Amino acid sequence: MTLRVPRLDADPSAPFPAADSALRRPDGLLALGGDLSPARLLNAYRHGIFPWYSEGQPILWWSPDPRLVFRTDGVRLSSRFRRTLRGSPWVARADTAFAQVVERCAAAPRRGQAGTWITPAMQAAYRRMHQLGHAHSVEVFDGPSPDAALVGGIYGVAIGRMFFGESMFSDASGGSKAALAALAHWLHARGWPLVDAQVENAHLVGLGAERMPRARFLGELAPLVAAPADPGPWTGAFGMLPVSRLSE
813 MTLRVPRLDA DPSAPFPAAD SALRRPDGLL ALGGDLSPAR LLNAYRHGIF PWYSEGQPIL
873 WWSPDPRLVF RTDGVRLSSR FRRTLRGSPW VARADTAFAQ VVERCAAAPR RGQAGTWITP
933 AMQAAYRRMH QLGHAHSVEV FDGPSPDAAL VGGIYGVAIG RMFFGESMFS DASGGSKAAL
993 AALAHWLHAR GWPLVDAQVE NAHLVGLGAE RMPRARFLGE LAPLVAAPAD PGPWTGAFGM
1053 LPVSRLSE
């Protein structure tokens, strides 16, 4: 069966098709083509659309229904993991190792996936977004010293008061959970209510992510991405967060 999927205009500022016109199978496929320029990516995220494709494919753009999201006060950590964090020397920082986080996410093995969707082109695109102050990472290190090892991280895109999670990794057990919890803790304190988690994933659901109908997601998204915000690094504002605080 041939899928009828719109091809994007060469102009990165051109509008995307309406999200509710996305295919049901595969769930949420909306358009193909275009590029990964900052203008195109920001346009996509503002409308609840994200790129996701494998090496050798055209760029594919998605808006699934339902959408997986975290409430920033709703990340769920098990009692056992909280006890582990209580005595942990780990610390979280932001935007101190963005490129490393993206590389580790690309290299992380994924169950049921032979390769990675974080292609070299995707990595370059998000590094550029980071340089422009639109993409951010939260990193977890095994201690506060400058030579501490990176044990986990998460990265994504921020627009207004909305964070769009892209990927996370662990190089030590619980590293990605600690990064997600640290991100949510910091965002919640600043009045950011949601983290987009894109597509349903049993691991993320276990951490508290909820399935939100696309129409509702788009309704909640619109005022958040319209909120005033200045792009730029989060390093100073985030500071250094001992992950032991996340056990409270």
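Under my numbering, the first residue of the sequence shown carries the number 813, and numbering increases by one thereafter. For glycine and all other residues, C-beta sits at the position ideal for the given N, C-alpha and C. All values reported here derive from a predicted model rather than from experimental measurement.
Rounded C-alpha distance that separates residue i from residue j
i: residue 870; j: residue 845; result: 6 angstroms
i: residue 970; j: residue 948; result: 7 angstroms
i: residue 841; j: residue 975; result: 21 angstroms
i: residue 954; j: residue 817; result: 46 angstroms
i: residue 892; j: residue 898; result: 10 angstroms
i: residue 962; j: residue 951; result: 7 angstroms
i: residue 854; j: residue 1030; result: 15 angstroms
i: residue 864; j: residue 936; result: 14 angstroms
i: residue 1006; j: residue 820; result: 28 angstroms
Cβ neighbour criterion (16 or more within 10 Å) applied to residue i
i: residue 985; result: exposed
i: residue 1015; result: exposed
i: residue 875; result: buried
i: residue 1052; result: exposed
Chain D within 8 angstroms of residue i, Cβ atoms only
i: residue 827; result: Reference to chain D is not applicable here, since this structure consists of a single protein chain.
Among the options, nearest to residue i - alpha-carbon criterion
i: residue 1032; options: 1008, 968, 961, 894; result: 1008
i: residue 1027; options: 826, 833, 847, 958; result: 833
i: residue 909; options: 866, 959, 932, 894; result: 959
i: residue 977; options: 928, 917, 983; result: 917
i: residue 831; options: 866, 860, 1056; result: 860
i: residue 1019; options: 837, 920, 900, 989; result: 989
i: residue 1004; options: 931, 983, 1037, 1012; result: 1037
i: residue 826; options: 1050, 836, 835, 856; result: 856
i: residue 783; options: 868, 894, 992; result: Residue 783 is absent from the structure shown; the chain starts at 813 and stops at 1060.
Pair within 8 angstroms by beta-carbon distance, residue i and residue j
i: residue 906; j: residue 973; result: no
i: residue 862; j: residue 843; result: no
i: residue 848; j: residue 1010; result: no
i: residue 878; j: residue 1045; result: no
i: residue 850; j: residue 944; result: yes
i: residue 887; j: residue 1054; result: no
i: residue 913; j: residue 965; result: yes
i: residue 946; j: residue 1043; result: yes
At least three beta-carbon pairs within less than 8 angstroms, the region 996-1003 to the region 882-891: As far as the Cβ criterion goes, the region 996-1003 touches the region 882-891, which means the pair count is three or higher.
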